[in-house]
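To get our numbering, take the position in the sequence shown, counting from 1, and add 199.
One structure is given below, encoded as structure tokens.
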Amino acid sequence: MIHLKSPREIGLMRQAGLAVWKAHQIAGKMIGPGATTAEIDRAVEKHFSDLGATPLFKDYPNSVKNKKPFPAVTCMSVNEAVVHGIPSNRPLREGDIVSIDTGCRLNGWCGDAAKTYPVGRVSPEVQQLLDVTERVLDLSIELMNEKSYWSQIAEEMAQYVADHGFSTVECFVGHGIGREMHEDPQVPNYSSRSLRGSADFRIEPGLVIAVEPMVNIGTKKVKTLRDQWTQVTTDGKFSAHFEHTVAITPDGPTLLTIAPSPAERKEIAV
């Protein structure tokens, strides 16, 4: 069941969204050759702790019975890793990319966002991958002003990715978000018979969703590493991931995980 949020509740979610935005500012400044994803994860964990926010990812249960919960505050997915990468002490190298996904609960409400960062200079193909993945997220938000159902948006998202010669990951999707990180509905980045049928949902005021396209240079297929969490492309080619928490208001889509407005900056320390 989809739980639509009131304007007041969306306002509370914005506070969590700002905390997540700031986490990405901290992480982004640390990324560079020689940095490790483990040290970036520790910095994000301290940020959430200082705010009194609860990390959403740390100790998140594994979907496979008797497998270990997620051990970190951030998912750090490097190069061919698509999602759910575990932070490590391996130094990042020039030409790498790292997808950072993180979220928190603040005052009972959740925020969630991801971004793929280049480490120094990357190849033209990899830069295009980043550009296309970020652009397809932007496209989905623009289409929320025009379309009535998510299936219409998802179809155009997948077509945009295909038109640029890349593939859309289909085994991981976005999600509703509110008091819990994962709520109804599921938010795929591609169209399917199921989505065009009973799994479809209206774009209407009060809807709050985490939209998170994952795009691969090569095959859309992924596999799980022996750490029981990291998902990598089966062909070893790079993958990118961008995500925002988005609320639908009477005025259209509002991003809850972007930089504060001038008015917000006057009220909060960022």
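Beta carbons are placed, not taken as given, at the ideal position from N, Cα and C, and that holds for glycine.
- When the five nearest sequence neighbours on each side are left out, the beta carbons in the same chain lying within less than 8 Å of the beta carbon of methionine 229 are those of Glu238, Ile239 and Ala242, in order along the chain.
- When the five nearest sequence neighbours on each side are left out, the beta carbons in the same chain lying within less than 6 Å of the beta carbon of proline 452 are those of Ile340, Met343 and Val445, in order along the chain.
- Counting every other CB atom within 10 Å of its CB across the protein chains shown gives glycine 284 a total of 16 or more, marking it as buried.
- Of the other Cβ atoms in all chains shown, 16 or more fall within 10 Å of the Cβ of isoleucine 402; this residue is therefore buried.
- The beta carbons of alanine 458 and cysteine 309 sit no closer together than 8 Å.
- Cysteine 274 sits buried, since 16 or more C-beta atoms from the chains shown fall within 10 Å of its C-beta.
- The beta-carbon distance between glutamate 411 and histidine 381, rounded to whole angstroms, is 12 Å. This is too long to meet the 8 Å contact definition.
- Sequence-distant Cβ neighbours of arginine 334 in its own chain, meaning closer than 8 Å and more than five residues away, are Tyr359.
- When the beta-carbon positions are compared, alanine 357 and serine 390 come within less than 8 Å of each other.
- The shortest CA-to-CA distance from valine 331 to any of Arg320, Lys465, Thr315 and Thr301 is the one to Thr315.
- The shortest C-alpha to C-alpha distance from asparagine 288 to any of Gly417, Asp362, Thr235 and Ala313 is the one to Thr235.
- Here DSSP, grouped into helix, strand and coil, assigns arginine 395 to coil.
- When Cβ pairs closer than 8 Å are counted between the two stretches, the stretch 406-424 is seen to touch the stretch 202-222, the count reaching three or more.
- Here lysine 465 is exposed, its C-beta having fewer than 16 other C-beta atoms within 10 Å.
- Nearest C-alpha to aspartate 300 among Arg292, Ala312, Glu293 and Gly307: Ala312.
- Here glutamine 326 is exposed: its Cβ has fewer than 16 other Cβ atoms, across all protein chains shown, within 10 Å.
- Judged by DSSP secondary structure, serine 205 falls outside any beta strand (DSSP E); it is assigned neither H nor E.
- For the pair serine 350 and leucine 394, the CB atoms are nearer than the 8 Å cut-off.
- Looking from the CA of leucine 336, the closest CA among Leu211, Glu208, Leu454 and Ala462 belongs to Leu454.
- Closest in C-alpha terms to valine 297, from the list Asp399, Leu328 and Phe365, comes Leu328.
- Annotation: methionine 343 is outside any alpha helix (DSSP H) and is labelled neither H nor E by DSSP.
- In this model, proline 268 and tyrosine 259 are separated by some 5 Å (Cα to Cα).
- When the alpha-carbon of lysine 419 is set against those of Val272, Pro254, Glu324 and Glu279, the nearest one is in Glu279.
- Shortest Cα-Cα distance from aspartate 426 to any of Val282, Lys245, Val219 and Gly233 involves Val282.
- Comparing alpha-carbon positions, the option among Leu211, Pro290 and Glu355 lying closest to proline 387 turns out to be Glu355.
- According to the DSSP assignment, glutamine 430 belongs to no alpha helix (DSSP H) but to the beta strand (DSSP E) extending over 430-432.
- Secondary structure remark: continuous beta strand (DSSP E) runs of at least 3 residues inside the stretch 382-463, in chain order: 382-386, 407-410, 413-415, 421-423, 430-432, 438-440, 443-448 and 451-454.
- In the three-state DSSP reduction, lysine 264 falls in the coil class, being neither helix nor strand.
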